[in-house]
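Numbering (our numbering), first residue to last: 1353 to 1491.
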């Protein structure tokens, strides 16, 4: 992290967009919210350990898909298309833009490649959520 004071996230996103980012402002804010959602859903043993709490790129993608389904339902693919986020690579680019802006942290071994070869983002957003274990058999 730099020694300069951190600017608020929405302002940092505006700077990124002024520098040529193609992604909607809302996409950046959503990725940060999805990161929080995904971390909060980790098992207790991972939450208690800062090293284990770190998410892989694919863990973040899977959590973001779950969060998008909750937030947007069947409109999730449409929302993501509107934001110009159509692949897991786009998610990775947003993450690393936010790392460069000092709003997210990354380990030295974290790279954009962590977000490549993930699921087809728009198809996963459109897929119905499988029933949770707690809802099975409760008719």
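No residue lacks a Cβ here, since even glycine has one placed at the ideal position from N, Cα and C.
Whole-angstrom distance between residue j and residue i, CA atom to CA atom
i, j, result
"residue 1458", "residue 1434", "27 Å"
"residue 1394", "residue 1476", "21 Å"
"residue 1358", "residue 1472", "34 Å"
"residue 1487", "residue 1455", "At residue 1487 the pLDDT is 41, less than 50, meaning the model places this residue with poor confidence and gives no usable figure here."
"residue 1387", "residue 1400", "17 Å"
"residue 1370", "residue 1383", "19 Å"
"residue 1377", "residue 1361", "10 Å"
"residue 1497", "residue 1364", "Because the chain here runs from 1353 to 1491, residue 1497 falls outside it and cannot be looked at."
"residue 1354", "residue 1480", "In this predicted model, residue 1354 has a pLDDT of only 45, less than 50, meaning its place in the structure is not dependable; the value taken from the coordinates is given anyway. Near 42 Å, if we compare the C-alpha coordinates of residue 1480 and residue 1354."
"residue 1436", "residue 1366", "16 Å"
"residue 1460", "residue 1392", "24 Å"
When the options are compared against residue i, the one with the closest alpha-carbon
i, options, result
"residue 1446", "1413, 1426, 1358", "1413"
"residue 1452", "1363, 1360, 1368, 1362", "1368"
"residue 1478", "1375, 1450, 1427, 1444", "1427"
"residue 1379", "1396, 1419, 1410, 1480", "1419"
"residue 1374", "1449, 1385, 1421, 1422", "1449"
"residue 1423", "1462, 1385, 1398", "1385"
Outcome for residue i when other beta-carbon atoms lying within 10 angstroms are tallied against a minimum of 16
i, result
"residue 1489", "Residue confidence is low: residue 1489 scores 44 on pLDDT, short of 50, so the model does not pin down where it sits. Its coordinate-derived value is still stated next. Its Cβ having fewer than 16 others within 10 Å, residue 1489 is exposed."
"residue 1381", "exposed"
"residue 1417", "buried"
"residue 1415", "buried"
"residue 1390", "buried"
"residue 1372", "exposed"
"residue 1425", "exposed"
Self-check item: Segment contact flag, the region 1420-1438 with the region 1400-1409, C-beta cutoff 8 Å, min 3 pairs
Solution: no
Quiz item: Which ranges would you report for the alpha helix (DSSP H) in the region 1381-1454 if only whole runs of at least 4 residues count?
Solution: 1396-1399, 1402-1405, 1409-1424, 1428-1434, 1440-1452
Self-check item: Inter-stretch contact at 8 Å, needing at least 3 Cβ pairs: the region 1437-1453 / the region 1461-1481
Solution: yes
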